[in-house]
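Student: Quick note, our numbering runs 2 ahead of the 1-based positions in the sequence shown. We put the CB at the ideal spot given by N, CA and C, even for glycine. Let me give you the structure first, and then I'll get to my questions.
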Amino acid sequence: QQELSAAQAALAQEQQEANRLRGLLQAAQEREAQLDSDLDGLRRRLEDVTREARGWEDEAAAAARRCGSAGDREKELQAESRRLEQVAKAAGAQIAELQKTVQHLEAELAHQRNSEADRQALMQRDAEVQWQAQRQQEGAQLQRLRTELERVLADVA
């Protein structure tokens, strides 16, 4: 009876641990989905900013070409060209920052996926422990039935 109680207590504890691990797995999967979504959004934003920066670079190049005229017009165009170059530099800095963020999220996502693999291994171990606990419980029950049978046979004899 003590073995059965111990096996049941161990089984209950393992089931609690399994429930906790399932909760962790679900939270990790939700976090991974959110990271995937965030990463996709950042990639789209990076593409948008890159396209915008290319447009500014094109404008700067066109302005530089237009600077061939003399006098005030040339000075205006050079000033516009410098302004557009500064805008393009700022866009380049923004692109670099977005790329760093994307790399960070990709690294976090890879770590999240590795953590999920570890949790899967823990869930497998949990299933094995539950199976062993069930076998122990069945063995204790079988032993109890044998003892009862031997007692009944002894009473009959």
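Take Arg47 and list the residues in its own chain whose beta-carbon comes closer than 8 Å to its own, dropping the five residues that flank it on each side.
Tutor: Locating residue 47 in the sequence shown gives position 45, counting from the first residue. So the qualifying residues of the chain are Leu100.
Student: Can you find at least 3 beta carbon pairs, one from the stretch 10-18 and one from the stretch 44-62, that sit closer than 8 Å?
Tutor: no
Student: Taking C-alpha atoms, which residue in Ala8, Arg22, Ser7 lies nearest to Leu124?
Tutor: For the purposes of this step, residue 124 is taken as the residue at position 122 of the sequence shown. That would be Arg22, whose Cα lies nearest to the Cα of Leu124.
Student: Give me the residue from Arg84, Ala30, Ala62, Val89 with the minimum Cα distance to Arg121.
Tutor: Stepping through the sequence shown from its first residue, residue 121 is reached at position 119. Answer by Cα proximity: Ala30.
Student: Does the Cβ of Ala95 have 16 or more other Cβ atoms within 10 Å, making it buried, or fewer, making it exposed?
Tutor: Sequence index remark: in the sequence shown, residue 95 carries index 93 (1-based). Here Ala95 is exposed. Its C-beta has fewer than 16 other C-beta atoms within 10 Å.
Student: Specify the secondary structure class of Arg109 as computed by DSSP and reduced to three states.
Tutor: The count along the sequence shown starts at 1 and reaches residue 109 at position 107. Note that residue 109 is Ala in the sequence shown here, rather than Arg. Residue state, collapsed to three classes: helix.
Student: Taking buried to mean at least 16 other C-beta atoms within 10 Å of its own C-beta, is Leu86 buried or exposed?
Tutor: The sequence position of residue 86 within the sequence shown is 84, counting from 1. Looking at its Cβ environment, which holds 16 or more other Cβ atoms inside 10 Å, Leu86 is buried.
Student: With H, G and I counted as helix, E and B as strand and the rest as coil, what does DSSP make of Ala159?
Tutor: Against the sequence shown, residue 159 aligns to sequence position 157. Coil at Ala159, not helix or strand.
Student: Go ahead and pull the three-state DSSP assignment for Gln114.
Tutor: Position 112 of the sequence shown, counted from the start, is the residue given in the question as residue 114. Reduced to three states, the DSSP call for Gln114 is helix.
Student: State the DSSP-derived secondary structure class of Gln136, mapped to helix, strand or coil.
Tutor: Translated into positions along the sequence shown, residue 136 becomes position 134. Reduced to three states, the DSSP call for Gln136 is helix.
Student: With distance defined between alpha-carbon atoms, name the residue in Asp50, Arg137, Val51, Gly43 nearest to Leu107.
Tutor: Position 105 of the sequence shown, counted from the first residue, corresponds to residue 107. Out of Asp50, Arg137, Val51, Gly43, Gly43 has the C-alpha closest to the C-alpha of Leu107.
Student: Does DSSP put Gln3 in a helix, a strand or coil?
Tutor: The residue given as residue 3 occupies position 1 in the sequence shown. DSSP places Gln3 in coil when its eight states are reduced to three.
Student: Assign Ala93 to buried or exposed, taking buried as 16 or more other Cβ atoms, counted over all protein chains shown, within 10 Å of its Cβ.
Tutor: Here residue 93 refers to the residue found at position 91 of the sequence shown. By the 10 Å Cβ count, Ala93 comes out buried.
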